[in-house]
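Trainee:
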Amino acid sequence: MDIDAFAAAHRDQWERLDSLVARRRLSGAEADELVTLYRASARHLSRIRTGAPDPQLIAEMSTRVAAARGRLTGTREARLSDLKRFLIYSVPAALYRVRWWTVGVMVVEIAIAVVIAVWTVRSPAAMSALGTPAMLDQYANESFEAYYSEYAPSEFAASVWTNNARIAAICVASGVTGFVPLYVLYGNAVMLGQAGAVMADHDLLWEFFALILPHGLLELTCIFVAGGAGLRLFWTLLVPGPRSRGVALATEGRALMTVAVGLTGALAVAGVIEAFVTPAPMPWAVKITIGALALAALWVYTLVLGRRAVLAGHSGDLEETEAGSTLPEAG
346 MDIDAFAAAH
356 RDQWERLDSL
366 VARRRLSGAE
376 ADELVTLYRA
386 SARHLSRIRT
396 GAPDPQLIAE
406 MSTRVAAARG
416 RLTGTREARL
426 SDLKRFLIYS
436 VPAALYRVRW
446 WTVGVMVVEI
456 AIAVVIAVWT
466 VRSPAAMSAL
476 GTPAMLDQYA
486 NESFEAYYSE
496 YAPSEFAASV
506 WTNNARIAAI
516 CVASGVTGFV
526 PLYVLYGNAV
536 MLGQAGAVMA
546 DHDLLWEFFA
556 LILPHGLLEL
566 TCIFVAGGAG
576 LRLFWTLLVP
586 GPRSRGVALA
596 TEGRALMTVA
606 VGLTGALAVA
616 GVIEAFVTPA
626 PMPWAVKITI
636 GALALAALWV
646 YTLVLGRRAV
656 LAGHSGDLEE
666 TEAGSTLPEA
676 G
């Protein structure tokens, strides 16, 4: 195909399309003309890509066709009602649907951490593998507590929040692999167990729990939720049910990513507690109570609002207008 001749032959149509797209208001006849020119330009773009792949013209036509499509379909504006629906129905429904996965992950994770801690305390070889006696003394008596006040609270909160939100998103998004969530959860349990073992070996087990519990109650629960959501996605891959595997994964994937988005808010609260409450000069009972209240709020949000949302037919998935319709399936 002679690309120059093709472009010259249709340039008037393309420029007319650009003119219609740029107009603020269109009459009925002009709107019909816009649809006709958009379809013709889309066909032209297809021919150019296959018959004469000129990069510059392809880029020009792609931009033109996309602009025309946007003018025809319009853009969906975010409304306050959308945010309300997301927070009151979508997120709690998604959290509620993975509640038993969350509990299962929590039980196994805590059990692994306890086994690792006990084994490390009772095994001189395992303890020595963590560092020299001087290094472990410094960690238990200085570094473990200093970690929470080493940086400015606002900077520390932002750093902890973004890191934990990233881990949660990885657990959910990579859940289809099955391996990645298990790897992240196991690494977290080992790290927690080893830290507790070092503190217990230095008769500082109370300080360990006093520093971990205020923020850890909420923070670790969020990781359990993310791990449970990721493993549920893997289970959907293995056992899709009556739906096709592709449809099941798409539906569950969208719903479970709602979990990741919702956990971002909970982890922000955990980050604030870790940066401002954990190192604060206040009684430990007060700090732990604050952490327990934050955890209770998450579970009330999950169990009360979540159950109500699920009974109302919500799953955490996008609306059909947002997710797109799917072909009906037999069976």
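Counting the sequence shown from 1 gives a position; the working numbering is that position plus 345. For each residue, glycine too, the CB sits at the ideal point set by N, CA and C.
I'd like to check one pair, Ile455 with Ala513: are the Cβ atoms closer than 9 Å?
Mentor: Within the sequence shown, numbered from 1, the residue matching residue 513 stands at position 168. Within the sequence shown, numbered from 1, the residue matching residue 455 stands at position 110. Contact: no.
Trainee: What does a CB cutoff of less than 6 Å around Val505 pick up in its chain, not counting 5 residues either side in sequence?
Mentor: Position 160 of the sequence shown, counted from the first residue, corresponds to residue 505. Result list for Val505: Gly616 and Glu619, in chain order.
Trainee: How would you write the range of the alpha helix (DSSP H) that Phe569 sits in, first residue to last?
Mentor: Residue 569 sits at position 224 when you count from the first residue of the sequence shown. Unbroken alpha helix (DSSP H) run through Phe569: Leu550 to Leu583.
Trainee: For Gly669, does the count of other Cβ atoms within 10 angstroms reach 16, so buried, or fall short, so exposed?
Mentor: Residue numbering aside, residue 669 sits at position 324 when the sequence shown is read from its first letter. Annotation note: pLDDT 44 at Gly669 (below 50); position unreliable, coordinate value reported separately. Burial call: exposed.
Trainee: By the three-class DSSP mapping on this structure, what secondary structure does Asp546 have?
Mentor: One-based indexing of the sequence shown puts residue 546 at position 201. Correct three-state label for Asp546: helix.
Trainee: At which residue ranges does the segment 422-486 contain complete alpha helix (DSSP H) runs of 4 or more residues, listed in the order of the chain?
Mentor: Listed in chain order, the complete alpha helix (DSSP H) runs (minimum 4 residues) inside the segment 422-486 are 425-430, 436-442, 444-467, 469-473 and 478-483.
Trainee: Look at the Cβ atom of Asp662, then the Cβ atom of Thr581, and state whether they are nearer than 9 Å.
Mentor: As a working mapping, residue 662 is identified with position 317 in the sequence shown. As a working mapping, residue 581 is identified with position 236 in the sequence shown. The answer is no: Cβ separation not under 9 Å.
Trainee: Consult DSSP for Gly669 and reduce its assignment to one of helix, strand or coil.
Mentor: For the purposes of this step, residue 669 is taken as the residue at position 324 of the sequence shown. Unreliable positioning characterises Gly669 in this predicted model, as indicated by a pLDDT of 44, which lies under 50. The coordinate reading is nonetheless provided below. Gly669 falls in the coil class under three-state DSSP.
Trainee: Quick one: residues in its chain with C-beta nearer than 8 Å to the C-beta of Val604, no 5 flanking neighbours on either side, listed in chain order?
Mentor: As a first step, residue 604 must be located in the sequence shown, where it is residue number 259. Around Val604: Val436, Ala439, Leu440, Val443, Val517, Val570, Ala571, Ala574 and Gly661.
Trainee: With DSSP run on the structure shown, which of helix, strand or coil describes Arg368?
Mentor: Taking the sequence shown and counting its residues from 1, the one referred to as residue 368 is at position 23. Three-state DSSP puts Arg368 in coil, outside helix and strand.
Trainee: Residue range of the alpha helix (DSSP H) that Val517 falls in?
Mentor: To locate residue 517, count along the sequence shown from 1; it is residue 172. Start and end: Pro498 to Ala518.
Trainee: In three-state terms, what does DSSP make of Gly676?
Mentor: To locate residue 676, count along the sequence shown from 1; it is residue 331. Its pLDDT being 44, under 50, Gly676 is placed unreliably by the model, and nothing is read from it.
Trainee: Buried or exposed for Ile393, going by 16 or more other Cβ atoms inside 10 Å?
Mentor: Locating residue 393 in the sequence shown gives position 48, where the first residue counts as 1. By the neighbour-count rule (16 or more Cβ atoms within 10 Å), Ile393 is buried.
Trainee: Where do the ends of the alpha helix (DSSP H) carrying His389 lie?
Mentor: As a position in the sequence shown, residue 389 is number 44, starting the count at 1. It spans Gly373 to Gly396 - the alpha helix (DSSP H) in which His389 sits, taken as one unbroken run.
Trainee: Rank Leu656, Met544, Leu432 and Ala657 by C-alpha distance to the C-alpha of Tyr484 and give the top, closest one.
Mentor: Along the sequence shown, one-based indexing puts residue 484 at 139. Ranking the options by Cα distance to Tyr484, first place goes to Met544.
Trainee: Near Thr634, which residues of its chain fall below 6 Å by C-beta distance, leaving aside the five closest residues on each side in sequence?
Mentor: In the sequence shown, the residue the question calls residue 634 occupies position 289. Correct list: empty, nothing qualifies.
Trainee: Would you mind working out which of Leu530, Pro559, Met472 and Glu500 sits nearest His547, comparing C-alpha positions?
Mentor: Working through the sequence shown from its first residue, we reach residue 547 at position 202. Of Leu530, Pro559, Met472 and Glu500, the residue nearest in Cα terms is Met472.
Trainee: Does DSSP classify Thr522 as helix, strand or coil?
Mentor: Counting from 1 along the sequence shown, the entry for residue 522 is found at position 177. Here Thr522 sits in helix by DSSP.
Trainee: Quick check on DSSP: helix, strand or coil for Met334?
Mentor: This structure cannot settle anything about residue 334, because the visible part of the chain is limited to 346 through 676.
Trainee: If you compare alpha carbons, which of Val521, Trp359, Leu565 and Glu495 is closest to Ala625?
Mentor: Here residue 625 refers to the residue found at position 280 when the sequence shown is read from its first residue. Ranking the options by Cα distance to Ala625, first place goes to Glu495.
Trainee: Taking Thr623 as the reference, give the member of Leu527, His560 and Glu500 with the closest Cα.
Mentor: Your numbering for residue 623 matches position 278 in the sequence shown. Here the closest residue by C-alpha is His560.
Trainee: Put Gly616 into one of helix, strand or coil per three-state DSSP.
Mentor: In the sequence shown, counting from the first residue as 1, residue 616 sits at position 271. In this structure, Gly616 counts as helix in the three-state DSSP scheme.
Trainee: For Phe351, which option in Leu402, Ser364 and Arg361 has the closest C-alpha, if you only look at C-alpha atoms?
Mentor: Start at 1 with the first residue of the sequence shown, and residue 351 comes out as number 6. The candidate whose alpha carbon is nearest that of Phe351 is Leu402.
Trainee: I need the DSSP call for Pro628, collapsed to helix, strand or coil.
Mentor: Indexing the sequence shown from 1 puts residue 628 at position 283. Coil, per DSSP.
Trainee: Below 8 Å on the Cβ atoms is my guess for Leu481 versus Gln539; work out the distance and round it to an integer in Å.
Mentor: One-based indexing of the sequence shown puts residue 481 at position 136. One-based indexing of the sequence shown puts residue 539 at position 194. Rounded, the Cβ-Cβ distance is 10 Å, inconsistent with contact.
Trainee: Between Phe621 and Tyr493, what straight-line distance do the alpha-carbon atoms span, to the nearest angstrom?
Mentor: Taking the first residue of the sequence shown as position 1, residue 621 is located at position 276. Taking the first residue of the sequence shown as position 1, residue 493 is located at position 148. Near 9 Å, if we compare the C-alpha coordinates of Tyr493 and Phe621.
Trainee: What's the gap between the Cα of Pro628 and the Cα of Glu564?
Mentor: Looking up residue 628 in the sequence shown gives position 283. Looking up residue 564 in the sequence shown gives position 219. Approximately 21 Å, taken between the alpha carbons.
Trainee: So is Ala510 buried or exposed if we call it buried at 16+ other beta carbons inside 10 Å?
Mentor: For the purposes of this step, residue 510 is taken as the residue at position 165 of the sequence shown. Buried: at least 16 other Cβ atoms inside 10 Å.
Trainee: Looking only at its own chain, which residues have a Cβ that is under 7 Å from the Cβ of Trp464, when we skip the five neighbours before and after it?
Mentor: Here residue 464 refers to the residue found at position 119 of the sequence shown. Closer than 7 Å at Cβ, skipping near neighbours: Ala471.
Trainee: I need the straight-line Cα distance from Ala642 to Glu375, nearest angstrom please.
Mentor: Start at 1 with the first residue of the sequence shown, and residue 642 comes out as number 297. Start at 1 with the first residue of the sequence shown, and residue 375 comes out as number 30. For Ala642 and Glu375, the distance between alpha carbons rounds to 55 Å.
Trainee: Can you say whether Ala639 is buried or exposed, counting buried as having 16 or more other CB atoms within 10 angstroms of its CB?
Mentor: Within the sequence shown, residue 639 is the residue found at index 294, counting from 1. With 16 or more Cβ atoms within 10 Å of its Cβ, Ala639 is classed as buried.
Trainee: Along the alpha helix (DSSP H) that carries Thr418, what are the first and last residues, could you check?
Mentor: Indexing the sequence shown from 1 puts residue 418 at position 73. That run of the alpha helix (DSSP H) goes Pro400 to Thr418.
Trainee: Please return the same chain residues whose Cβ sits closer than 6 Å to the Cβ of Tyr646, not counting the five positions on each side in sequence.
Mentor: Translated into the one-based positions of the sequence shown, residue 646 becomes position 301. These residues qualify, in order along the chain: Pro437.
Trainee: On the criterion of 16 or more Cβ atoms from any shown chain inside 10 Å, does Phe553 qualify as buried, or is it exposed?
Mentor: Position 208 of the sequence shown, counting from 1, holds the residue named residue 553. Its Cβ being crowded by 16 or more others within 10 Å, Phe553 is buried.
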